[in-house]
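> Taken in sequence, the protein lines are chains A and B.
If you want our numbering, it's the position in the first sequence, counting the first as 1, plus 243.
If you want our numbering, it's the position in the second sequence, counting the first as 1, plus 685.
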Amino acid sequence: MTDATRGAISLQVNGAEHRIDVDNRRTLLDALREDTGHTGPKKGCDFGQCGACTILVDGRRVVSCLTLAVAAQGSEITTVEGLAEKDELRPVQEAFVRLDGLQCGFCTPGQLCSAVGVLAEHAAGWPSAVTADVSPDCPHPPLDADEVRERMSGNLCRCGAYPSIVRAVLDAADERAEVAR
Amino acid sequence: MTTHPQVIDGLGATPSIGSPRTRVEGEDKVSGKARYAGDVQVERLAHGAVVTATVARGRISGIDDRATLASPGVIGVIDHRNALRLNKETGSPFFGPDGQLQLLQDDRVSHGGQPVALVVAETPEQARAGAELLRVSCVEEPHDIAFGPNHQAVRPALTAFGPDADKGDLEAELAASAVVVDERYMTPAQHACAMEPHTATVWQEGVVLRAIDSNQAPYGVAATLATLFGKPLPEVRVQCEQVGGGFGSKTGVGPQLILATMAAVLLDRPVRVALTREEVFLTTSARPRTDQRVRLGADAGGRLRAIGHEATFEISGKAEFIENCVEIAKTLYAADAIRTRLSVVPLDILPVASVRAPGTAPGSFALESAMDELAERLEMDPLELRRRNEPETGPVSGLPFTSRRFQLCLTEGARRFGWAGRDHRPRRTRQGRLLVGTGMAGTSFLTTAFPSSATITAEPDGTFTVAIAAIDIGTGARTALRAIAADALGVGWDSVHLKIGDSAIGPAWQSGGSLGTTSWGWAIVAAARDLLARLESGPALPVSVTSDTTEEIMSRPHRERHSYSAVFAEVTVDPATGEVRVRRLVGRFAVGRVVNPLMVRSQLTGGMVMGLSIALQEEIVHDEASGRHVNADFADYHFAANADVPFIDADFVDDHEPDDPLGLKGPGEIGTVAVAAAIANAVWHATGKRQRELPIRLDRVIED
Ligand code: FES
Ligand code: FES
């Protein structure tokens, strides 16, 4: 059933293809939650102001409530459900559990996708607002608590789990550095 | 960086209480499997969109729904003309009938943002589009939202939380004091802002009304919903697996549940109402504005002679509430005269209600700021001032304290923070362009337990199933209650299955008042005790026992039971921009025996983060002309983001509550208290300027 207000689209979510028929006004967040069965991403505001709906689109952090589903065709979408590798939690997921980087858990899917994005952005050499030296020849500074706080500030947590979220992201960064060594 | 807490991952360890075990549902929460009220898939689900009033007071003169009903996918419109009639007496045992529950009952509009209709459609987009087409005409009437202690309608608050204190002769003691503080403190309305917007999914199953709803009290909500809709309680069942935070805002029957219930019944369809973030601000209760006067009098040695605390707060004309700002003044310090007054001003606003640490959060800001001002005038260490006024018994009640560990919190907190050697004079430290200051504050927080029931079944396979209508809104209740049950039954962690989040289990207290774990834990202990006695005769399994704690709890002696805390803050102030940054926060808490140190530390830390937000950021703003709440989103209503929060050192001192079978007190809210005063006192220490109004905004700090 396709009319002027609806369209048939295909979304690549966590490696699987989903052919769905959606209202053209449908956000990517609603398409994931209502049409493809991915209720991991959460709707905290629907306004791009809280980060609960954060997912990865082609590896980059995106607030899915401000993205139209029809615009996400052809992209690789990763939600919190797709972070684990072969049913093994990723180090950052495991660190969130072990260090209690969550309470109610409602912001957590967004925090985790954001954290994965932050680790990748930092590894790729992207600076943040608190990076002291952004000159191209400056050696790549390590991820420290201030960097994590700044880079994770698009994800609100009303339970106030921030201190343990920072610990968990640093813990995962350490682990990754060890693997790289 | 602080060290990581030690964590035990292994299962089957006994005893379970005291073990820093990770959250039972932790793995579900980090992999997107945890199910919240809006995540449940239901066949034939219809979606409701709320229409809210654009005037603050008036009468609905007409509703034109023709365009809405003609809009694609719209199934129906519910407004005061066709809504189900609700029981007007429904309310709370503390505050009486609650007019906020009476949605769509008549043509009156009594506050801006009041729900006036629900549009139901096949999809959320269609419902929203239909709602935008609904034409609601209103005859506007003059509104009054001008809050102040001299408002002509000011009157005494209800006394359900105890009478005003009138110990000694306040005026005489003030007159005889060597040093007096007499100041006014103001706090704005604040919102709970739980990250999960209130969401309900409701359907009918035969005569039974089924609901999956984000709330803090499955049993209480079901009971109130039954009364409201005139149904027997067994025909109402409210469930929820996970709740995305509450902080007081989900203790009662929310508008999402009332509207979804009406729609499900009237349209005979399963209906979901998920409030938008704006609707959460407009239709779910806030903490009221307060205006407080504190008078303190002391002799030259810092011994308090007089404590006067008068607090006025706003309420709606539709529902009573008690923002008990004066609770601490009645119990924290000894004084010859203690006088408290609590007054309300009814206005044309959304009814107010509990937000994390109701009363004590704004009340401690006033009292503990005034204590700092007293120390300043005495030229005394504010910590020392608090040492010199330790009461032997309840200063007003005369009752004995059960476990009073305030001094220990002060000592341990001061040591960890490095308070000794502080120069108590203001504006002494400058680092570059920043002024640096430190401050402290303390508090007490009432603790008790409320009657609840629990059922435990001894299963044939040797395990135990524990059922209690508790709820885990992020507190860690699921993990804590399982530990309590394992220890109470004397078995390993693995032998216990826990069922919560279902009103059908039986009466139980809410996740509120910092009393979830104390109330539910007690019921589990009672049921375990009764079941173990039953098992002695070797009955055939399974065997179930249900126990209720009403009698045990009600027969406890009257005593002063409180948690305690001391909070220390270091701030920097940029006088050129007015920006206050918190560098360090240390909190020491006496919260009874700690069931799970990992989770309790998280809860206390999170409470302190909220306290930081209250100090520096949070403020509901109403437009005087329209009466409308104008900052109803996260871009304009600010609370702390990650970069606002330093590493926080929250820890416990040794404590045990003798009047609780497990030695517990509640850690849920005390973390939020005392933080705003500690930060305000630190800002004074940095700048020399007192901050008597929250939040401590840039414009209140900036210097010429
Ligand atoms: S739901 Fe997308 S940012 Fe809040
Ligand atoms: S864990 Fe509750 S909002 Fe972050």
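For every residue, glycine included, the Cβ atom is placed at its ideal position computed from N, Cα and C.
(1) State buried or exposed for B:D764, treating a residue as buried only when at least 16 other CB atoms are found within 10 Å of its CB.
(2) Please state whether DSSP places A:I263 in a helix, a strand or coil.
(3) Drop a sphere of 10 angstroms on the beta-carbon of B:D1187, count the other beta-carbons inside from all chains shown, and report buried for 16 or more, exposed for fewer.
(4) Would B:Q977 and B:E1303 qualify as a contact pair, given that the criterion is a beta-carbon distance under 8 Å?
(5) Go through the region 298-358 of chain A residue by residue and report every complete run of the alpha helix (DSSP H) that reaches 4 residues or more, in order.
(6) Please list the terminal residues of the continuous alpha helix (DSSP H) segment that includes B:E810.
(7) Count the other C-beta atoms from every protein chain shown that fall within 10 angstroms of the C-beta of B:M686, then say buried if there are 16 or more, exposed otherwise.
(8) Put B:V1081 into one of helix, strand or coil per three-state DSSP.
(9) Roughly how many angstroms lie between the CA atoms of B:R1062 and B:E1237, to the nearest whole one?
(10) Hey, is A:M244's beta-carbon within less than 8 Å of any beta-carbon in chain B?
(11) Where does B:V1391 land, buried or exposed, given buried means 16+ other C-beta within 10 angstroms?
(12) Compare the C-beta of A:L332 against all C-beta atoms of chain B and say whether one is closer than 8 Å.
(13) Inspect the beta-carbon positions of B:G933 and B:G1201 and report whether they are closer than 8 Å.
(14) Considering Cα atoms alone, identify which of A:C402, A:P352, A:A274 is closest to B:V715.
(15) In chain order, which continuous runs of the beta strand (DSSP E) of length 3 or greater are located wholly inside the region 1041-1120 of chain B?
(16) Could you tell me if B:R922 is buried or exposed, where buried requires 16 or more neighbouring beta carbons within 10 angstroms of its beta carbon?
(17) Which chain A residues are close to B:G1117, counting only those with a beta carbon under 8 Å from its beta carbon?
(18) Which whole-angstrom value describes the C-beta separation of B:L1283 and B:T707, a residue pair presumed to lie in contact below a C-beta threshold of 8 Å?
(19) Could you please give the first and the last residue of the uninterrupted beta strand (DSSP E) stretch that includes B:L989?
(20) Please confirm whether B:Y1313 has its beta-carbon closer than 8 Å to some beta-carbon of chain A.
(21) Rounded to whole angstroms, what is the Cα-Cα separation between B:L952 and B:F1319?
(22) Say the cut is 7 Å; is the CB of A:F349 nearer than that to a heavy atom of ligand 2?
(23) Could you tell me if B:D783 is buried or exposed, where buried requires 16 or more neighbouring beta carbons within 10 angstroms of its beta carbon?
(24) Measuring CA to CA, which of B:Q1288, B:E926, B:A908 is closest to B:I897?
(25) Measure the beta-carbon distance from B:R1273 to B:E1053 and round it to whole angstroms, keeping in mind my assumption that it falls under 8 Å.
(26) Counting only the same chain and skipping the five closest in sequence on each side, list residues whose C-beta sits under 8 Å from that of B:Q691.
(27) Straight-line CA distance for B:D1344 to B:K1184?
(28) Comparing C-alpha positions only, which one of B:G1292, B:V1280, B:T1142 sits nearest to B:I702?
(29) Could you tell me whether the Cβ atoms of B:S1248 and B:G1277 are closer together than 8 Å?
(30) Using only the alpha-carbon positions, how far apart do B:G1373 and B:E868 sit?
(31) Would a check of beta-carbon distances place B:P834 closer than 8 Å to chain A?
(32) Output, in chain order, the set of chain A residues within a Cβ distance shorter than 8 Å of B:M880.
(33) Quick one, are the C-beta atoms of B:G929 and B:E964 less than 8 Å apart?
(34) What does the alpha-carbon distance come out to for the pair B:V865 and B:Q1376?
(35) Between A:I252 and chain B, is any beta-carbon pair separated by less than 8 Å?
(36) Report the neighbours of A:Q336 on chain B: residues whose CB is nearer than 9 Å to its CB, in chain order.
According to the data block:
(1) buried
(2) strand
(3) buried
(4) no
(5) 334-341
(6) 809-818
(7) Any reading at B:M686 is ruled out, since the residue's pLDDT is 34, under 50, leaving its predicted position unreliable.
(8) coil
(9) 48 Å
(10) Confidence at A:M244 is low in this model, with a pLDDT of 45, below 50, so the placement of that residue is unreliable and no value is reported for it.
(11) In this structure chain B extends from 686 to 1389, so residue 1391 of chain B is not present and cannot be described.
(12) yes
(13) no
(14) A:P352
(15) 1114-1116
(16) buried
(17) Correct list: empty, because the minimum Cβ distance to chain A is about 15 Å.
(18) 7 Å
(19) 989-1001
(20) According to the sequence provided, residue 1313 of chain B is Arg. The question's Tyr does not apply to it. Closer than 8 Å: no.
(21) 34 Å
(22) yes
(23) buried
(24) B:E926
(25) No, B:R1273 and B:E1053 are not in contact; Cβ-Cβ is about 15 Å, not under 8 Å.
(26) In this predicted model, B:Q691 has a pLDDT of only 35, less than 50, meaning its place in the structure is not dependable enough to derive any value.
(27) 27 Å
(28) B:V1280
(29) yes
(30) 16 Å
(31) no
(32) K285, G287, C293, A295, C347, F349, C350, L399, C400, R401, C402
(33) no
(34) 18 Å
(35) no
(36) E712, V715, S716
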